[in-house]
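Below is one structure, written out as structure tokens; the observations come after it.
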Amino acid sequence: MDLSGLSLAELSALQEKIKQEIKKRQKQEVVRAREQIIAIAQSVGVSLDELLGSAGKTKVVKTRKPVAVRYRHPKDASLQWTGRGRQPQWVKDWLAGGNSLDSIGV
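Using the working numbering, the first residue of the sequence shown is number 18, and each one after it goes up by one.
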């Protein structure tokens, strides 16, 4: 297909038609894939839920135990840090002042 003879408006219209055709074909591919999956499940005598592994399963949510506080601000006990994750600003300030973490450890 020679595109060099087309105007900008014609190229834009062609581009829009291409986008629409791509969307249409993508939908067709999804439908075709779904039909194939269902056919496979039926051929082995399994329901689609069993095939996908969602039948009879419950999702287990793990809860994390709280971590003990390892550092407290010497003047304000409400400022505390477990030692995990980013250092709070008060810890950064403490260390910048030439102090060590050992001096504020619990």
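For each residue, glycine too, the CB sits at the ideal point set by N, CA and C.
Computed from a predicted structure; not experimentally measured.
So, using beta-carbon positions, are residue i and residue j closer together than 7 Å?
{"i": "Val-123", "j": "Arg-101", "result": "no"}
{"i": "Pro-105", "j": "Trp-98", "result": "yes"}
{"i": "Ala-56", "j": "Leu-65", "result": "no"}
Is it buried or exposed, residue i, if we count other Cβ atoms within 10 angstroms and call 16 or more buried?
{"i": "Val-48", "result": "exposed"}
{"i": "Val-108", "result": "buried"}
{"i": "Ile-121", "result": "buried"}
Which residue wins for smallest C-alpha separation from residue i, given the options the options?
{"i": "Leu-96", "options": "Pro-83, Lys-82, Trp-111", "result": "Trp-111"}
{"i": "Asp-119", "options": "Arg-87, Ala-50, Asp-93, Ala-94", "result": "Arg-87"}
Skipping 5 residues on each side, what residues in its chain have a beta carbon closer than 7 Å to that of residue i?
{"i": "Val-84", "result": "Thr-99, Arg-101"}
{"i": "Leu-28", "result": "Leu-20"}
{"i": "Ser-60", "result": "none"}
Tell me which residues share the same chain as residue i and place their Cβ nearer than 8 Å to its Cβ, disregarding the 5 neighbours each side in the sequence.
{"i": "Ile-54", "result": "Leu-65, Leu-68"}
Suppose the cutoff is 6 Å on Cβ atoms and the five residues either side in sequence are ignored; what does the same chain contact list for residue i look like?
{"i": "Ile-39", "result": "none"}
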